[in-house]
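Each remark here refers to the structure printed beneath this line.
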Amino acid sequence: MMESFKSSLSTQKGKFDIISLEKVAEKHPQIKKLPFSIRILLENALRNYDNFLVTDEHIDTLINWNPQGSENSVPYKPARVLMQDFTGVPAVVDIAAIRSEAIRKGKDGSKINPKVPVDLVIDHSVQVDFFGTDYAYKKNVEFEYQRNRERYEVLKWAQKAFKDFTVVPPGMGICHQVNLEYLAKGVVARDGWAFPDTLVGTDSHTPMVNGIGVVGWGVGGIEAEAALLGQPIYFSSPKVIGLELTGKLPEGITATDMVLEITKQLRAYGVVGDFVEVFGDGLDNLSVPDRATISNMSPEFGCTVTYFPIDDQTIRYMEKTNRDAEQLDLVEQYCKANLLWRTGNEDIEYSNVLKVDLSELEPSVSGPKRPQDKILVKDLRDQFGHLLKEVHGRDYISIEERETWYAEGGSGTARTKDLRPQDQGEDVEVMVDEKSLRSVHLRRGNQEYVLSDGSIVVAAITSCTNTSNPSVMLGAGLVARKAIAKGIDVKPWVKTSLAPGSKVVTNYLERAGLLKDLEALKFHVVGYGCTTCIGNSGPLPPHIEEAIDKSELVVASVLSGNRNFEARIHPKIQMNFLASPMLVVAYAIAGRVDINLLEDPLTIDANGQEVYLKDIWPSQEEIQQAIEMATTKADYAKEYAVIFDGEEQWQNLEAPTGLDYEWREDSTYIKEIPFFKDISETPEPLENIENARVLLKLGDSVTTDHISPAGSFSEDSPAGKYLRSNGVERNMFNSYGSRRGNHEVMMRGTFANVRINNQIAGRQGGYTNYFPENKEMPVYEAAMKYLESKTPLVVIAGSEYGSGSSRDWAAKGTQLLGVKAVIASSYERIHRSNLVGLGVLPLEFAAGENATSLGLSGKETISIKGIESGLTPGKELDVTATKEDGNVVSFKVITRLDSQIEIEYVKHGGILQYVLRQFLEA
-4 MMESFKSSLS TQKGKFDIIS LEKVAEKHPQ IKKLPFSIRI LLENALRNYD
46 NFLVTDEHID TLINWNPQGS ENSVPYKPAR VLMQDFTGVP AVVDIAAIRS
96 EAIRKGKDGS KINPKVPVDL VIDHSVQVDF FGTDYAYKKN VEFEYQRNRE
146 RYEVLKWAQK AFKDFTVVPP GMGICHQVNL EYLAKGVVAR DGWAFPDTLV
196 GTDSHTPMVN GIGVVGWGVG GIEAEAALLG QPIYFSSPKV IGLELTGKLP
246 EGITATDMVL EITKQLRAYG VVGDFVEVFG DGLDNLSVPD RATISNMSPE
296 FGCTVTYFPI DDQTIRYMEK TNRDAEQLDL VEQYCKANLL WRTGNEDIEY
346 SNVLKVDLSE LEPSVSGPKR PQDKILVKDL RDQFGHLLKE VHGRDYISIE
396 ERETWYAEGG SGTARTKDLR PQDQGEDVEV MVDEKSLRSV HLRRGNQEYV
446 LSDGSIVVAA ITSCTNTSNP SVMLGAGLVA RKAIAKGIDV KPWVKTSLAP
496 GSKVVTNYLE RAGLLKDLEA LKFHVVGYGC TTCIGNSGPL PPHIEEAIDK
546 SELVVASVLS GNRNFEARIH PKIQMNFLAS PMLVVAYAIA GRVDINLLED
596 PLTIDANGQE VYLKDIWPSQ EEIQQAIEMA TTKADYAKEY AVIFDGEEQW
646 QNLEAPTGLD YEWREDSTYI KEIPFFKDIS ETPEPLENIE NARVLLKLGD
696 SVTTDHISPA GSFSEDSPAG KYLRSNGVER NMFNSYGSRR GNHEVMMRGT
746 FANVRINNQI AGRQGGYTNY FPENKEMPVY EAAMKYLESK TPLVVIAGSE
796 YGSGSSRDWA AKGTQLLGVK AVIASSYERI HRSNLVGLGV LPLEFAAGEN
846 ATSLGLSGKE TISIKGIESG LTPGKELDVT ATKEDGNVVS FKVITRLDSQ
896 IEIEYVKHGG ILQYVLRQFL EA
């Protein structure tokens, strides 16, 4: 089949074989109505056709694509794999463990190698321990290497031990921004062929690269490992929702405002598991960084990709970012010759079309704990008051009333009605009103100030979502410059940070003279990584933490990120708001979220004059002038010429050598995972699940952060106790995310988020009821007791189970705790796939049913029948739930195994076990 559609293309880069979609269209003219993203999948399938992994049925599904989607599976073999270190380290550990088992079984371990190129960018480990000073970056890097030396050693080993495996060392940038600015090719030239650049990434925000016309999306580490070992990724033929953008952004509106509106609309419409493709005359006014800002938040929409077809803007951006002339010619010639170039005149049939008029947008933030919960800046003050009452049961007191209160009663004296004193440190005076907004009076040296509910304690310019966009980054610098000219500063209780996504950003901020302005407001560079956006915000100043703890303040963060889930940014911060870098600076000056920035004064200057947002907000013309003056092609050439070299610490890092990784018994970072040790040549037959216990009963919207947190943990947690027992001091615990190469830590961290609500436990956090003793204990301890008694476990959940980051340990930990199946109302795409990849059955309640409607308490014993008689995609299974009094609830669930290959993965206990057995058999 491939030969009949084969053609050739001559470019400045050379002559290449291609799959000609023009030839396909001659025989199947309907493909000219296909969305661009489906055309790319079709090319991919035709080029990889072998009638085994990629079959005639797959090709037919794509040529005759159904706009309403279908259960027919689609194969996808990406051109490359992108990893970050949090998910990359466990992937390397897995591949190294597979190689070790192959060597133990007498096989040639050198044949265990990536089959497609892999780029791993170390960006998830740097934490904001130091801030607001010119030494913050240096000290944070020192701490990063102290905490992560073992992890970095295994990555440096992998760089040499595996073929086609590159590592971008720490301090060079965020993986998605490096991908956008450097790694993405648009069109790949390899082995005499030219074809669309495609990828999967072990980070959910991989779709950011869709903004440059590259199809790619986030997968769990398990799927990515299978892809790099040459396995196709299979998924159901998707719907493609057309997103029509019209008009242009008004003066004062940023790309962040735009993406928060799109997030709200797409999440409300429901695009989970779908593709989104953008079209309309609004594209003509959007740069690639603007487009990438939208694509970056695909996981927040819920979709797989948000694709922007290649066009003149793409070529312009590639040229500005120093892609060579031959590559630009290849991209343009290939796409124009192969139905992959956007002209704006296409007649494409989408599953449905949603419209956003860019000219109607207003300044926005989103929060306090979901990215889709957009709030207009002008409404945030009122919305905060509503949230304080509805969620926390406290009446809002306006800033004016508070100022009067303190003027009359001092710093919370006994004269203040209904207040009670609490124990306090030397520099914290705490007075609490149980029913009203709470405030704390703090003294630090010569400084005195009041911290209240709604005070901002973290303001972070962070995340590839925004730091890849010169418009908002230079705009933030201009806000800082104008603020300094007004003589105003950020509030003293705000922890500020600037974490660019690449060193190019620092270069253009310096060239514009704006880095000094940001530093004057204490927005110093703290690192080149994800930092606050993934929870690496570091500790709050001790006196701030004490004030929050003593009076249970509901404080806030403002960040230019893409995620604001509960407890993600910092466990003591209950409200987190996403905003543009420009608004982050403004809110840091205000110091609180209970403010209408469009009408209320930000602050007061030295002369008692009110300063408003409009006084420090730059015009679009000023921003554009800064872009033209400060951004240069030479910066990209300079920084990416040394992208794989690393700084001095990396170059001096000693790492193991040799084919087989040297596993160390005393390591608390890197352990050989037990999945593959002494693996049998053939899998055991599948069995029904009998008399299982419910480990957790959960509600809706449980995220992978809830299941497998990435942030810090306490000494008293199971993971903390494990590390202390192995001689690790508290200040060297690091984070869960940094210890993903050690299954002992990660098992103990599974379902251990301090904000998870297990309905069969009596308190919030990682606890459950161990039913044989009717005793509450940590989830890990209960799971180990169940494993000892060989009791299978299930998890019961609501809708959108596993939403959020593409976190493979959310599935790995689930499996290692002994969970055989999850029964949920619905799943986020990546987590469902990850569960399959670990051999855990994802089951769905029948339509119209859920745990509540069935009267399930979580105290039942669960039996699931129909497994051992043979599984098929979407098969109904019979479940019986026996209550404590002997009454039985019977219901049916749908098996969310969506293809025959997924059934094979489950039979083998997981996708990597399947791949290893294939290798051993060969």
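When we follow the numbering used here, the leftmost residue of the sequence shown carries the number -4, and every step to the right adds one.
Yeah, the Cβ is synthetic: ideal placement off N, Cα and C, and Gly gets one too.
Report the option in A846, F886, N557 and Y775 whose CA atom is closest to the CA atom of A250. N557
Is it right to say I599 is buried, meaning 16 or more other beta carbons lie within 10 angstroms of its own, or is it exposed? exposed
Which residue from L41, D269, W60 and N46 puts its Cα closest to that of K27? W60
Please report the residue range of the alpha helix (DSSP H) in which T309 lies. D307 to K315
Apart from the five residues just before and just after L150, which ones in its own chain have a Cβ nearer than 6 Å to its Cβ? V162
If you measure between the beta carbons of A475 and L516, is that distance less than 8 Å? yes
Count the other C-beta atoms from every protein chain shown that fall within 10 angstroms of the C-beta of L432, then say buried if there are 16 or more, exposed otherwise. buried
Between K243, I217, N67 and E357, which lies nearest to I93 when the distance is taken from Cα to Cα? I217
Between V111, L36 and L41, which has its C-alpha nearest F160's C-alpha? V111
Whose C-beta lies closer than 6 Å to the C-beta of K477 among residues of the same chain, with five residues either side of it excluded? I611
Own chain, CB closer than 6 Å to F379, minus 5 neighbours either side, in chain order: G449, V588 and D589
Among P678, I451 and V835, the one whose alpha carbon lies nearest that of A581: I451
Tell me whether W212 sits in a helix, a strand or coil according to DSSP, three-state version. strand
Is it true that the segment 666 to 680 meets the segment 512 to 532, where meeting means three or more beta-carbon pairs spaced less than 8 Å apart? no
So P468 is in the alpha helix (DSSP H); what residue range does that whole segment cover? Note that residue 468 corresponds to Met in the displayed sequence, not to Pro. P465 to A480 is the span of the alpha helix (DSSP H), which, as asked, contains M468.
Which residue from A221, V182, L371 and F296 puts its Cα closest to that of I248? L371
S733 and G706 - do their beta-carbons sit closer together than 8 Å? no
On the CB-based measure, 16 or more other CB atoms within 10 Å of its CB, does D803 come out buried or exposed? buried
Taking only three categories from DSSP, how would you classify F0? helix
Measuring CA to CA, which of G237, N441, Y71 and Q604 is closest to E344? G237
Does the beta-carbon distance from V435 to A562 come in below 8 Å? no
List the whole-angstrom C-beta distance separating T501 from K350, where the pair is believed to meet the contact cut-off of C-beta under 8 Å. In fact, because the Cβ distance is near 38 Å, the residues do not count as touching under 8 Å.
Specify the secondary structure class of W188 as computed by DSSP and reduced to three states. strand
If you pair each beta-carbon of the segment 690 to 703 with each one of the segment 781 to 798, do three or more pairs fall below 8 Å? yes
How far does the beta strand (DSSP E) with P85 in it extend, from its first residue to its last? No beta strand (DSSP E) holds P85; the alpha helix (DSSP H) holding it covers D80 to R99.
In the structure shown, what three-state DSSP assignment does Q908 receive? helix
C-beta contact flag for P596 and V606 at 8 Å: yes
Suppose the cutoff is 8 Å on Cβ atoms and the five residues either side in sequence are ignored; what does the same chain contact list for K102 look like? F914 and L915
Which two residues bound the contiguous alpha helix (DSSP H) that contains T890? Element bounds for T890: not the alpha helix (DSSP H) but the beta strand (DSSP E), V883 to T890.
Nearest residue (CA-CA) to A876, options K860, L866 and P868: K860
For I906, I'd like the list of residues in its chain whose CB is within less than 6 Å of its CB, leaving aside the five on either flank, ordered along the chain. I217, A221, G832 and Y900
Stretch pair the segment 302 to 314 + the segment 277 to 287: three plus CB contacts closer than 8 Å: yes
Under 8 Å between the Cβ atoms of L838 and L872? yes
Using the beta-carbon count (16 or more within 10 Å), is K369 buried or exposed? buried
Can you give me the C-alpha to C-alpha distance between P358 and K807, rounded to a whole angstrom? 41 Å
Which residue spans inside the segment 0 to 42 form an unbroken alpha helix (DSSP H) run of at least 4? 16 to 22 and 31 to 42
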